[in-house]
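Below: one structure, written as structure tokens.
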Amino acid sequence: METNAKKRVLITGAAGFLGSHLCDRFIGDGYRVVAMDNLITGRLKNIEHLFKNENFEFYNHDVSKFIHVSGPLDFILHFASPASPIDYLKIPIQTLKVGSLGIHNCLGLAKAKGARVLIASTSEVYGDPTVHPQNEDYWGNVNPVGPRGVYDEAKRFQEAITMAYHNFHGIETRIVRIFNTYGPRMRLNDGRVLPAFIGQALRGEDLTIFGDGSQTRSFCYVEDLIEGIVRLLHSDYALPVNIGNPDEITISDFAEEIIKLTQTNQKVIYKDLPVDDPKQRQPDITRAKKLLNWEPKVSREEGLKITYDYFKSLTEEELLQTEHNDFDKFIIR
Ligand code: UDP
Numbered sequence: 002m003e004t005n006a007k008k009r010v011l012i013t014g015a016a017g018f019l020g021s022h023l024c025d026r027f028i029g030d031g032y033r034v035v036a037m038d039n040l041i042t043g044r045l046k047n048i049e050h051l052f053k054n055e056n057f058e059f060y061n062h063d064v065s066k067f068i069h070v071s072g073p074l075d076f077i078l079h080f081a082s083p084a085s086p087i088d089y090l091k092i093p094i095q096t097l098k099v100g101s102l103g104i105h106n107c108l109g110l111a112k113a114k115g116a117r118v119l120i121a122s123t124s125e126v127y128g129d130p131t132v133h134p135q136n137e138d139y140w141g142n143v144n145p146v147g148p149r150g151v152y153d154e155a156k157r158f159q160e161a162i163t164m165a166y167h168n169f170h171g172i173e174t175r176i177v178r179i180f181n182t183y184g185p186r187m188r189l190n191d192g193r194v195l196p197a198f199i200g201q202a203l204r205g206e207d208l209t210i211f212g213d214g215s216q217t218r219s220f221c222y223v224e225d226l227i228e229g230i231v232r233l234l235h236s237d238y239a240l241p242v243n244i245g246n247p248d249e250i251t252i253s254d255f256a257e258e259i260i261k262l263t264q265t266n267q268k269v270i271y272k273d274l275p276v277d278d279p280k281q282r283q284p285d286i287t288r289a290k291k292l293l294n295w296e297p298k299v300s301r302e303e304g305l306k307i308t309y310d311y312f313k314s315l316t317e318e319e320l321l322q323t324e325h326n327d328f329d330k331f332i333i334r
């Protein structure tokens, strides 16, 4: 890793689920990491083990405001954003700002430093897709004024401005479209289906299925995703690339898998489906396979076991933090 020894990377959203795993990966690969987060949804606990590392610096900063970093930067990875439906319903304006003003600041900084930028985009750019599985040439089916619009449109704008900087200013840019990802360091109370179900099982509550449970998702283990992102960063491809695991499952079957995994006898209960909840989602990863020679390696069985062990190791206090599980308060139905 000698060639990476002097490379310096800025990671925004560094204290979040994906940001913190990226920090670990880049520190492990011998980079110097400048980590930034305003801790709205991120947690210092995810990165505090890195504080003693001489190659790691952390700044508590909102990247929607002007970003100053002294010294050289080779790469900027923009991962700051609320990312679960409950989070972006709770903080819609910040979600829009980080996906617009935040990326604008990152691109300006990249231009000043001659750095390559990689942005975290999302399968949400496809909205409630009418094409299945979703490939990168599909333009999506997004409701701009629905409850998910604040996230989906911010991410779509983010892609547009990134391409504009690439085409107009000649900046090196990469766009990863991330599909549902899971693993250690997800917040148990972030409202997403996996932590919601595991938290409910651990607390002895019934599992809440939204709608009839026939909607599908395809879950990728975090380590696989990070490998795909690193490969994309080092590729020479500027157009979007899907990274995710094509192993698709209905939410009903997923609930059954969680009940089996946690060996609880919980029941499932049904709640209304949130507005604009995508009915199906599965990445077409042909492009990633071809360009990056990448495909996921960790099966759902393996990944879920590691993730469950992580959640089991949390303190009772963390387990009882369920305020975001009050879905009815936030989700517009
Ligand atoms: N979901 C559910 N019960 C929950 C939380 C989520 O049935 O307690 C459903 C949700 O309606 C969606 C799917 O699980 O269809 C995945 O939701 P998540 O919030 O994880 O993310 P999304 O993929 O919708 O962005």
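Note that my numbering has the sequence shown beginning at 2, numbered continuously upward. Ideal Cβ placement from N, Cα and C applies to all residues, glycine included.
For residue i, which three-state DSSP category applies?
i, result
"E58", "strand"
"L320", "helix"
"M164", "helix"
"F211", "strand"
"Y32", "coil"
"L40", "coil"
"T131", "coil"
"F80", "coil"
"Y139", "coil"
"P284", "strand"
"A16", "coil"
"V151", "helix"
"L315", "coil"
"S1", "Within the shown structure, residues of the chain are numbered from 2 to 334, placing residue 1 beyond reach of any answer."
"A116", "coil"
"V10", "strand"
"S65", "coil"
"S124", "helix"
"H176", "One point to set straight first is that residue 176 is Ile, not His, in the sequence displayed. If DSSP states are grouped into helix, strand and coil, I176 belongs with the strands."
Rounded to the nearest angstrom, what separates residue i and residue j at their Cα positions?
i, j, result
"F67", "P247", "38 Å"
"E318", "T263", "20 Å"
"Y139", "V223", "25 Å"
"L321", "Y166", "45 Å"
"N190", "V35", "27 Å"
"Y89", "K46", "22 Å"
"R334", "P73", "Bear in mind that the predicted position of R334 carries a pLDDT of just 47, short of 50, making it too unreliable to give a figure here."
"A239", "A202", "42 Å"
"S127", "F198", "The sequence shown places Tyr at residue 127, not Ser. Taking the straight line joining both Cα atoms gives about 25 Å."
"H62", "A289", "33 Å"
"H50", "C24", "11 Å"
"I92", "R33", "31 Å"
"V269", "I260", "9 Å"
"D153", "P130", "13 Å"
"R117", "R282", "30 Å"
"N168", "I176", "14 Å"
"Y271", "G214", "8 Å"
"A15", "D310", "23 Å"
"K7", "L234", "17 Å"
Find out if the Cβ-Cβ distance for the pair residue i, residue j is shorter than 8 Å.
i, j, result
"V99", "A81", "yes"
"L40", "I77", "no"
"K112", "I172", "yes"
"L102", "S65", "yes"
"I104", "T174", "no"
"E125", "P241", "no"
"S21", "R232", "no"
"D273", "R149", "no"
"C107", "H133", "no"
"I286", "I252", "no"
"L208", "Q267", "yes"
"W295", "E206", "no"
"D225", "V299", "yes"
"Q17", "D38", "The sequence given here has Gly at residue 17, not Gln. For G17 and D38, yes; Cβs fall inside 8 Å."
"S236", "L315", "no"
Less than 7 Å separating the Cβ of residue i from some heavy atom of the ligand HEM?
i, result
"Q159", "In terms of ligand content, the structure shown lacks the ligand HEM and carries the ligand UDP instead."
(message) Which complete alpha helix (DSSP H) runs does the segment 216 to 280 hold, if anything under 4 residues is left out?
(response) 223 to 234, 252 to 263
(message) Does the structure place the segment 180 to 188 close enough to the segment 210 to 226 that three or more beta carbon pairs sit under 8 Å?
(response) yes
(message) Could you check whether the segment 188 to 203 touches the segment 124 to 142, counting it as contact only if at least three pairs of C-beta atoms, one from each stretch, sit closer than 8 Å?
(response) no
(message) Under 8 Å, with one C-beta from each stretch per pair, do the segment 51 to 65 and the segment 118 to 131 reach the 3-pair mark?
(response) no
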